[in-house]
Amino acid sequence: MTAENPRILLVEDEELNRTLVKAVLARARIAAVRDAEVLDASTLASARTRLAAEDVDLILLDMNLPDGSGLALASELAAGTVATGRPRPTVVAVTASVLPQDREAALQAGCDGFLDKPYAAADLVATVAEHLSRRSGQDRS
1 MTAENPRILL VEDEELNRTL VKAVLARARI AAVRDAEVLD ASTLASARTR LAAEDVDLIL
61 LDMNLPDGSG LALASELAAG TVATGRPRPT VVAVTASVLP QDREAALQAG CDGFLDKPYA
121 AADLVATVAE HLSRRSGQDR S
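Here it is, written out as C-alpha cells:
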C-alpha cells in the first residue's frame, strides 16, 4: 500500500451487491476504509484486465462469477501468473459457500482471508480494515 489512499478491487457480478459494498465502505468510520478508492469488475476477465492496468491493494473476490470461479483468479495471483508488475494484492474470498472445505479451498488457492455471505456491514468494514492494516504494516518492513 502506498502513502496514497488504498485501492480495492471489488469483483462481484451482482450490480446491487457492488453498489451496496461501495456505499458501506464509503460510510465506514475507519478512515483507511472510507478513503479507499473502490474499483469494480463483474467477471474474471474484467478483473484480470483491471489488475493488468491498475495498482490494487486488496481484492474482495466473489467466488461464483459468470465466467468461472474466483478461486481461479486467486490461484493465478498466488502463482504469479497474472502479470501486473506490482506486488500481489491481498485477496479476500467473499462467498455464500460457508462449508469448512470451501474455506479451506479458498485459502489453498491463495486467498488471504474469507468473508461469508450474507455478512453485516460492520463485518465487511472490519475485514477490509484488518487486511489493509496488515498490508500497510508489510509495506513498511
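What the sequence shown shows, in full-length UniProt numbering, is residues 1 to 141, in sequence order. All residues carry an ideal CB built from backbone N, CA and C; glycine is no exception. Because the structure is a prediction, the values reported are computed rather than measured.
Item: Contact set for K22: own chain, Cβ-Cβ below 8 Å, skip 5 residues either direction; Value: L10, V38, D40
Item: Beta-bridge partners of A41, as assigned by DSSP; Value: V11
Item: Assumed close pair A106, A74 - CB separation to whole angstroms, cut-off 8 Å; Value: 7 Å
Item: Alpha-carbon to alpha-carbon, L60 and H131; Value: 11 Å
Item: Environment of T127 [buried if 16+ CB atoms lie within 10 Å]; Value: buried
Item: Separation of S42 from D87, as counted between CA atoms; Value: The displayed chain sequence assigns Pro, not Asp, to residue 87. Computed Cα separation, rounded: 23 Å.
Item: Beta-bridge pairing of T95 - partner residues as DSSP gives them; Value: D116
Item: Selected residue, minimal CA-CA separation from S120, among P100, E4, L25; Value: Before going on, a small fix: residue 120 reads as Ala here, not Ser. Checking every option, the nearest Cα to that of A120 belongs to L25.
Item: Identity of the residues DSSP links to L60 by a beta bridge; Value: L10, V92
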